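Visitor: For the sequence shown, position 183 matches number 166 in my numbering, and the numbering has no gaps at all.
Dropping the structure in here first, questions after.
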Amino acid sequence: MNKAISGNDVSIGYQLLLETLFKWGVTHYVGVTGGGVIHFLKYLNPLENLCTEESSFLTIAEYSAGFIPLGYYLSSGRIAASVATTGAASKLLSCGLSDAKLHDIPAIYIVPLTGEEMQGHSPLQDTSASGSNIVAQLRSELPESVFVLDSPETLVEKLSSAHVQLERAKPVVLVLQHNALNSPIYHAEKTTASVKLPVQRSSFIDFCDEFRHDIDGRRLILLVGEEMTRYPDAATLTTQFCQMLCCAAIWSINGANAVQRDNPYGFGYISFGGNDEALSLYQSIGKDDVLLVLGACPDEYTVNLHKFSAAKTFFLTNIPGSYGQIENSFAHMSQGAYRQVSGPLDQLLRSLIDATKQQPFGNIHSPFAPSNLNHRQYPPPRPGYVDMAELYQRLDRWWPAGSIGFDDVCLSYKDRQYVTQRPNNNIHFYSLYRGSAMGGAFGAAVGAKLSLPTRPVFLFTGDGCFRLFSGSLGEVSELGLVIFLINNTSFSIVGQGLPIILPEIEEKNYHAYLKPVDYCAIARACGWEAEQLAPDLSNLSFLLDKATGNIMKSLLIDIPVDALQVLGRNPRVKNL
Ligand SMILES: Cc1ncc(C[n+]2csc(CCOP(=O)(O)OP(=O)(O)O)c2C)c(N)n1
Ligand SMILES: [Mg+2]
């Protein structure tokens, strides 16, 4: 914190706010200054030393800033804050907020109000009901998570309520009201109510008995979802579970991070970019089967708008009211019987493993998964383009240990998992696909790097996505990010679907064409290193050495891609 102004005897609201957030572990603030936030930001020093433990601020444009807390949390489990001033700035920030809500990610958004005393005087960027009505806008998306800090008397209480929301894996918005936060504050220490409830032993025994009874003589399939990835031993536990129960596992795009590559019962990703083996297994689930779901939201890219079709679905979750639940339940997404069990997923899974050790469960055993989870050959690209199937496989053999990667809203968010089939023990991959905001993954990648500067961070993005964040490259040229740019002069993921959705329409009316641009020149002008990948991959090893060589310099690798090389499946085209 800025020492020149933080040493006063009387603390005011802004200081209490920063101190409270520091206690919650928040040290990274990102975004852009402006009239409404200068009085808040003056307390923060610019982020200069990446390893600093003190609260600091990185200037980076709001659209990307809005996604930074998401990558920060996915990489480290810690919370970061995005800051923007009134007007367009607040709206730009809120694209990331949507994905934080949709992916149940705790994140802090800080936006101001125009002064109360200016109401009725048509102030600049009027946030009142006669202007943007920003509080109502935000509350319509986050009804319980918008806290207007408009009084010194209620500040502590409101921050405490915000903390409860964060513990429930919800993003929160702290709305600054300058007069209130600039006033002296009276410290009334209040403890924050915790929402973490231990698993009730008796309710677990009931669940275990019911589970034992229901899977007896039936097939059991494990569906691993995103929530499970938040537990440190997740991948080992899912393997142990599958081995103890001889049970097949399938997973969602992000749920893959809770699965080990060598789990012999791993049948692959389902739905969007899904593997053929996983999809035929999932589609075969019916009245003789039981599905055990580990925090996999039944979203469009996981179950393609269909209900769970098992005779009985057991849904394990520890996020109350997670995205998609209705009245704290996914019962509406189950065709058969449904039982939801709340508790830490690792504890629940361990208890089931212990139960089967004491007395084996009687489910029908699954065979091992075949080594190739896809049934068709990958079509080659036209001459002059990189074969993306080969590139994903080469990279899959290369990823440095402890890496994290993000797929932006482009071909890779469908094709990478289809081709690689199984998660990679060296790298976790995330996609913020529920909001599918093009270009958002760049902010997420920056967030991951800020949370752990030594961690290798990779981003696959498209030439369309690039247009949404390229203005922020300069700010992170020394962060050591590596971008793989899928350069196909097209909004290809849209273009690939349109011959199926609109067969009678001329290609020009797809509006999928993008002008070719010299992306390497843009990146270099922003202080990055940048190289083109040769279509025959002859310089790939050289570029990968470069990616790991200078860990502080960011690198962009421009990949010439055939917009018509169709790899992963896109079941969504049938929904449009
Ligand atoms: C901000 C935003 N605008 C539009 C869309 C709709 N959309 C989804 S994917 C896509 C094309 C992505 O193009 P590009 O980044 O070039 O990736 P490619 O599919 O070519 O690999 C579009 C326009 C979106 N999801 N987000
Ligand atoms: Mg493209």
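Where is the CB? At the ideal position from N, CA and C, for every residue including glycine.
These figures come from a predicted structure and were not determined experimentally.
May I have the straight-line CA-CA distance separating Leu481 from Gln548, to the nearest angstrom?
Guide: Residue numbering aside, residue 481 sits at position 498 when the sequence shown is read from its first letter. Residue numbering aside, residue 548 sits at position 565 when the sequence shown is read from its first letter. Using only the alpha carbons, I get a separation of about 14 Å.
Visitor: Measure the alpha-carbon distance for Tyr(-3) versus Leu159 and round it to whole angstroms.
Guide: Along the sequence shown, one-based indexing puts residue -3 at 14. Along the sequence shown, one-based indexing puts residue 159 at 176. C-alpha separation (whole angstroms): 9 Å.
Visitor: Of the residues Asp197, Asp216, Pro406, Arg359, which one's Cα is nearest the Cα of Phe250?
Guide: For this step, residue 250 is matched to residue 267 along the sequence shown. For Phe250, the nearest C-alpha among the options comes from Pro406.
Visitor: Sorted by chain position, which residues of the same chain lie with C-beta nearer than 7 Å to Arg61's C-beta, five sequence neighbours on each side aside?
Guide: As a working mapping, residue 61 is identified with position 78 in the sequence shown. Only Gly8, Tyr55, Ser434 meet the Cβ criterion.
Visitor: What is the C-beta distance between Ala90 and Pro52, in whole angstroms, given that I count them as a contact (C-beta under 8 Å)?
Guide: Locating residue 90 in the sequence shown gives position 107, where the first residue counts as 1. Locating residue 52 in the sequence shown gives position 69, where the first residue counts as 1. That belief holds up - the Cβ atoms of Ala90 and Pro52 are roughly 3 Å apart, short of 8 Å.
Visitor: Secondary structure at Lys295, three-state DSSP: helix, strand or coil?
Guide: Start at 1 with the first residue of the sequence shown, and residue 295 comes out as number 312. Lys295 falls in the strand class under three-state DSSP.
Visitor: Indicate whether the contact test is met: 3 or more Cβ pairs, each with one atom in the segment 217 to 233 and one in the segment 313 to 324, closer than 8 Å.
Guide: Verdict: no, contact absent.
Visitor: Specify the secondary structure class of Asn470 as computed by DSSP and reduced to three states.
Guide: The residue you call residue 470 lines up with position 487 of the sequence shown. Reduced to three states, the DSSP call for Asn470 is strand.
Visitor: On the three-state DSSP scale, how would you describe Gln160?
Guide: What you label residue 160 is simply residue 177 of the sequence shown in a count that begins at 1. In the structure shown, Gln160 sits in coil (DSSP, three-state: anything other than H, G, I, E or B).
Visitor: Pairs of beta-carbons, one from the segment 187 to 196 and one from the segment 140 to 160, closer than 8 Å: are there three or more?
Guide: Touching, no.
Visitor: Do the segment 533 to 547 and the segment 460 to 468 meet, that is, are 3 or more Cβ pairs less than 8 Å apart?
Guide: Touching, yes, given that three or more Cβ pairs across the two stretches are closer than 8 Å.
Visitor: Examine ligand 1 and report whether any of its heavy atoms sits within less than 6 Å of the Cβ of Val392.
Guide: Working through the sequence shown from its first residue, we reach residue 392 at position 409. Yes, Cβ of Val392 sits closer than 6 Å to a heavy atom of ligand 1.
Visitor: Please state the DSSP three-state secondary structure of Asn409.
Guide: For the purposes of this step, residue 409 is taken as the residue at position 426 of the sequence shown. Correct three-state label for Asn409: coil.
Visitor: Hey, how far is the Cα of Tyr169 from the Cα of His494?
Guide: Taking the first residue of the sequence shown as position 1, residue 169 is located at position 186. Taking the first residue of the sequence shown as position 1, residue 494 is located at position 511. Distance between the alpha carbons of Tyr169 and His494 is about 58 Å.
Visitor: Tell me the rounded alpha-carbon separation between Ile21 and Ile117.
Guide: Position 38 of the sequence shown holds residue 21. Position 134 of the sequence shown holds residue 117. Answer to the nearest angstrom: the Cα atoms are 19 Å apart.
Visitor: Considering only C-alpha positions, which residue in the set Pro362, His146, His161 is nearest to Val94?
Guide: Here residue 94 refers to the residue found at position 111 of the sequence shown. Answer by Cα proximity: His161.
Visitor: Tell me whether Ile466, by its Cβ, gets closer than 6 Å to a heavy atom of ligand 1.
Guide: Taking the first residue of the sequence shown as position 1, residue 466 is located at position 483. Result no, Cβ not under 6 Å from ligand 1.
Visitor: If you compare alpha carbons, which of Met421, Phe389, Asn470, Gly447 is closest to Lys432?
Guide: The residue you call residue 432 lines up with position 449 of the sequence shown. Closest by alpha carbon: Phe389.
Visitor: Checking the sheet assignment: what are the DSSP bridge partners for Glu512?
Guide: Counting from one through the sequence shown, the residue named residue 512 turns up at place 529. In DSSP, Glu512 forms a bridge with Leu538.
Visitor: Can you give the beta carbon distance from Asp282 to His358, rounded, assuming they're within the 8 Å contact cut?
Guide: Taking the sequence shown and counting its residues from 1, one reaches residue 282 at position 299. Taking the sequence shown and counting its residues from 1, one reaches residue 358 at position 375. Their Cβ separation, rounded to whole angstroms, is 25 Å, which puts Asp282 and His358 out of contact at 8 Å.
Visitor: Based on the DSSP secondary-structure assignment, which residues constitute the bridge partners of Ser65?
Guide: As a position in the sequence shown, residue 65 is number 82, starting the count at 1. Ser65 is bridged to Val13, Tyr92.
Visitor: I'd like to know whether the C-beta atoms of Cys448 and Gly430 end up nearer to each other than 7 Å.
Guide: Translated into the one-based positions of the sequence shown, residue 448 becomes position 465. Translated into the one-based positions of the sequence shown, residue 430 becomes position 447. No, these two residues do not count as a Cβ contact at 7 Å.
Visitor: Tell me the DSSP secondary structure of Asn240 in three-state form.
Guide: Working through the sequence shown from its first residue, we reach residue 240 at position 257. It is helical.
Visitor: Would you say the beta carbon of Asn240 comes nearer than 6 Å to a heavy atom of ligand 2?
Guide: The residue you call residue 240 lines up with position 257 of the sequence shown. Outside the cutoff, so no.
Visitor: Comparing the CB of Phe255 with every heavy atom of ligand 1, is any distance shorter than 6 Å?
Guide: As a position in the sequence shown, residue 255 is number 272, starting the count at 1. No - ligand 1 has no heavy atom lying nearer than 6 Å to the Cβ of Phe255.
Visitor: To the nearest whole angstrom, what separates the beta carbons of Thr10 and Ser47, a pair I think is in contact under 8 Å?
Guide: Taking the sequence shown and counting its residues from 1, one reaches residue 10 at position 27. Taking the sequence shown and counting its residues from 1, one reaches residue 47 at position 64. The Cβ separation is near 19 Å, so there is no contact.
Visitor: Can you tell me which of the three DSSP states Ile309 falls into?
Guide: Within the sequence shown, residue 309 is the residue found at index 326, counting from 1. Reduced to three states, the DSSP call for Ile309 is coil.
Visitor: By the three-class DSSP mapping on this structure, what secondary structure does Tyr169 have?
Guide: What you label residue 169 is simply residue 186 of the sequence shown in a count that begins at 1. Residue state, collapsed to three classes: coil.
Visitor: Pull up the distance between the alpha-carbon of Ser299 and that of Phe194, whole angstroms please.
Guide: Locating residue 299 in the sequence shown gives position 316, counting from the first residue. Locating residue 194 in the sequence shown gives position 211, counting from the first residue. Inspection of the sequence shows that residue 299 is occupied by Leu rather than by Ser. Whole-angstrom Cα-Cα distance: 12 Å.
Visitor: Is any non-hydrogen atom of ligand 1 found closer than 6 Å to the C-beta of Val477, if you look at the structure I gave you?
Guide: Counting from one through the sequence shown, the residue named residue 477 turns up at place 494. Under cutoff, so the answer is yes.
Visitor: Compute the distance between the beta-carbons of Asp446 and Leu497, then report whether it is under 7 Å.
Guide: Counted from its first residue, the sequence shown places residue 446 at position 463. Counted from its first residue, the sequence shown places residue 497 at position 514. Their beta carbons are under 7 Å apart, which means Asp446 touches Leu497 by this criterion.
Visitor: Which same chain residues end up closer than 8 Å to Glu127 when comparing Cβ atoms and leaving out the 5 residues on each side of it in sequence?
Guide: Indexing the sequence shown from 1 puts residue 127 at position 144. Answer for Glu127: Gln148, Lys153, listed in chain order.
Visitor: Buried or exposed for Ile483, going by 16 or more other Cβ atoms inside 10 Å?
Guide: The residue given as residue 483 occupies position 500 in the sequence shown. Result: exposed.
Visitor: Could you have a look at Leu149 and say whether DSSP puts it in helix, strand or coil?
Guide: Along the sequence shown, read from residue 1 onward, the residue named residue 149 stands at position 166. Here Leu149 sits in helix by DSSP.
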